[in-house]
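For reference, the structure discussed in these notes is given below.
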Amino acid sequence: MTAPTVFVLSGPNLGRLGTREPEVYGSDTLADVHDAVRREAEHLGLVADCRQTNHEGELIDWLHEAVDAGADVVLNPGAFTHYSYAVRDACAIVTTSGRSLVEVHLSNPAAREEFRHTSVVAPVATGYVAGFGLQSYLLALRALV
Numbered sequence: 015m016t017a018p019t020v021f022v023l024s025g026p027n028l029g030r031l032g033t034r035e036p037e038v039y040g041s042d043t044l045a046d047v048h049d050a051v052r053r054e055a056e057h058l059g060l061v062a063d064c065r066q067t068n069h070e071g072e073l074i075d076w077l078h079e080a081v082d083a084g085a086d087v088v089l090n091p092g093a094f095t096h097y098s099y100a101v102r103d104a105c106a107i108v109t110t111s112g113r114s115l116v117e118v119h120l121s122n123p124a125a126r127e128e129f130r131h132t133s134v135v136a137p138v139a140t141g142y143v144a145g146f147g148l149q150s151y152l153l154a155l156r157a158l159v
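All the letters of the sequence shown, read from the start, carry residue numbers 15 to 159 under this note's numbering.
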């Protein structure tokens, strides 16, 4: 039997983890995040398909791909969190198709600048995990199981 696949998608600027504002995002690189996610997914009986993009349309295409594959999603939308209604609508397609989508953030957006307090994704997400650094991704995987 094949293990279920979970799409683990990261949005803009997350490819710069480890060097981008380490006082906010920590010193883990995106490769570190992906390695930890793959290990945790395997432990949970899942396969993690980890991807990162700086391009809104590509992220939307991946969300559509997750729906077509019947996969759940762990999503860190990065800055798209706060303003991309196109990403929000693609997330809604995931959840209304019967799949789960957990929004994740390394930092706690509610404890940061005012413009980061609103997520257009959260109202259509199955769940939300924020503020635990790399552990946010792992907690999201556990929530899916």
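Every residue, glycine too, gets a C-beta built ideally from N, C-alpha and C.
- Pairwise C-beta distances place the segment 25 to 40 in contact with the segment 64 to 79, as three or more of them are shorter than 8 Å.
- The C-beta separation of L152 from V20 comes to about 12 Å, leaving the pair out of contact by the 8 Å criterion.
- According to the DSSP assignment, L89 belongs to the beta strand (DSSP E) that extends over 86 to 90.
- About 4 Å separates the beta carbon of E117 from that of A139, a gap short enough to meet the 8 Å contact definition.
- Between G141 and the set G147, H119, F129, the nearest pair of CA atoms involves H119.
- The residues V88, V116, V118, V143, in chain order, have a CB closer than 7 Å to that of A154 in the same chain once the five nearest residues on each side in sequence are set aside.
- Around the beta carbon of G92, 16 or more other beta carbons lie within 10 angstroms, which makes this residue buried.
- The beta-carbon distance between D86 and R113, rounded to whole angstroms, is 5 Å. This is short enough to meet the 8 Å contact definition.
- The three-state reading of DSSP puts H119 in strand, counting E and B together.
- Note on geometry: alpha-carbon atoms of P18 and P123 lie some 30 Å from one another.
- Restricted to the segment 120 to 148, the beta strand (DSSP E) segments that are unbroken, complete and at least 3 residues in length are 141 to 144, listed in chain order.
- Under the 10 Å beta carbon count, S133 is surrounded by 16 or more other beta carbons and is classified as buried.
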